[in-house]
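Below you'll find the structure, written out as structure tokens, and then a few comments.
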Amino acid sequence: MPHGLVDDRTRLDDTASVGTPEVLFVQGVSGRSPTDTVHLHHGEIWGGDFRLGPLLGRGGMGAVYKGRQLSLDRPVAIKALKSHLSDNADLTARFEQEAKVVARISSPHVVHVHVFGKHRNHHFLAMELVEGEDLNKKLKSGWRPAPAETLDLMIQAAKGLMAAAERGIVHRDIKPGNMMLTTNGLLKLMDFGLARLAHHVGSATSTGVVMGTGAYMSPEQCQGRICDTRSDIYSLGVVFYELLTGRRPFDGETYMEMFCQHIEKDPTPPRDLDAAIPEEYQTVVMTCLAKKSEERYQ
8 MPHGLVDDRT
18 RLDDTASVGT
28 PEVLFVQGVS
38 GRSPTDTVHL
48 HHGEIWGGDF
58 RLGPLLGRGG
68 MGAVYKGRQL
78 SLDRPVAIKA
88 LKSHLSDNAD
98 LTARFEQEAK
108 VVARISSPHV
118 VHVHVFGKHR
128 NHHFLAMELV
138 EGEDLNKKLK
148 SGWRPAPAET
158 LDLMIQAAKG
168 LMAAAERGIV
178 HRDIKPGNMM
188 LTTNGLLKLM
198 DFGLARLAHH
208 VGSATSTGVV
218 MGTGAYMSPE
228 QCQGRICDTR
238 SDIYSLGVVF
248 YELLTGRRPF
258 DGETYMEMFC
268 QHIEKDPTPP
278 RDLDAAIPEE
288 YQTVVMTCLA
298 KKSEERYQ
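Residue numbers for the sequence shown follow the numbering used here, beginning at 8 and rising by one.
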């Protein structure tokens with residue numbers, strides 16, 4: 008669906024010279040888990056084929072480890088769901104769906120999932136291991152890419168979203184922390200844990216269910232309405248804005264403040280914050296951030 012976005016950004020590229028809390032409320036289950044952690048042993052063999060390595064990081068639903076697939080002798084990332092969450096049938100089904108939907112996407116700009124499995128009381132995903140750093144960590148270190156580099160990264164992300172859209176998949180949680188930049192400059196979208204088939208109508212896509220990360224959520228997400236790829240385009244616009252200006256278009260001390268701004272407040276044009284930003288880039292950003300989804304790139 009986001010063909011217009013990629014085409015427009017490609018046109019700009021030819022002419023140019025140049026941490027936020029997560030929200031997840033599904034059937035009364037919060038994506039945050041205050042006490043349970045994943046305690047696993049280095050060297051264990053999971054699923055008969057994956058050797059567990061060192062911890063890479065933790066998230067609200069589990070932990071990610073470096074590992075190796077023995078049969079193919081290749082490095083992998085192993086994402087393990089917290090044990091108490093593995094006992095929740097709804098969350099386990101959602102975790103398994105992550106593997107199925109991402110495995111259907113064929114794009115160099117999406118982290119590939121190899122296997123979904125279970126080891127003792129832990130469900131896990133074995134995924135492509137990406138050598139690099141997510142954009143959130145880079146931003147926290149003071150990184151501020153040049154406008155031309157920012158445009159290139161957003162084009163790559165848009166191509167990943169296009170590949171997902173062609174499979175009817177909506178990410179629903181596009182943000183810097185879910186965008187990995189490899190050591191050779193390739194951007195990959197990761198963590199489709201909130202992904203849903205765009206045509207599927209169920210508990211996770213019903214009106215009143217809020218999914219995403221507050222500072223990057225589209226107006227329709229903030230209102231708990233059914234979303235499509237244009238919601239991902241809005242979130243990508245927030246990231247584009249942040250990389251260009253060094254700040255997000257909307258911020259607040261509470262979720263409600265952020266939600267109200269996404270729904271009602273117009274963002275400050277990027278060039279009002281930095282006149283060096285090309286006008287064409289501003290046009291792309293403001294189109295992505297349109298309040299009405301039909302006014303964004305289709």
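Built from N, CA and C at the ideal position, the CB exists for glycine as well. Just so you know, these numbers come straight off a predicted model, no measurement behind them.
In the DSSP secondary-structure assignment, residue 62 is bridged to 72.
Rounded to the nearest whole angstrom, the C-alpha separation of residue 279 and residue 293 is 13 Å.
Three or more beta-carbon pairs separated by less than 8 Å link the segment 257-271 to the segment 228-242, which places the two stretches in contact. Closest in alpha carbon position to residue 154, among 114, 195, 281, 142, is 281. For residue 106, the number of other beta carbons within 10 angstroms of its own is at least 16, and it is reported as buried. At the C-beta level, residue 134 and residue 247 stay beyond 8 Å of one another. Fewer than three Cβ pairs drawn from the segment 93-106 and the segment 72-79 lie within less than 8 Å of each other, which leaves the two stretches out of contact. Secondary structure at residue 190: coil, using DSSP grouped into helix, strand and coil. Per DSSP, the continuous beta strand (DSSP E) segment holding residue 131 begins and ends at 129-135.
Within its own chain, the residues whose Cβ lies closer than 6 Å to the Cβ of residue 167, once the five positions on either side in sequence are excluded, are 114, 116, 117, 196, listed in chain order. The beta carbon of residue 249 lies closer than 6 Å to those of 255 in the same chain, with the five residues before and after it left out. Counting along the chain, the unbroken beta strand (DSSP E) around residue 121 starts and ends at 120-126. Excluding five sequence positions before and after residue 274, the CB atoms of its chain that fall closer than 6 Å to its own CB belong to 256, 296, given in chain order.
Rounded to whole angstroms, residue 146 and residue 58 show a C-alpha spacing of 32 Å. Residue range 262-271 is occupied by the alpha helix (DSSP H) that includes residue 264. Setting aside the 5 residues that flank it on each side, residue 223 is surrounded in the same chain by 182, 242, 245, each with a C-beta closer than 6 Å to its C-beta; the list follows chain order. Rounded to the nearest angstrom, the Cβ distance from residue 87 to residue 47 is 6 Å, consistent with a contact under 8 Å.
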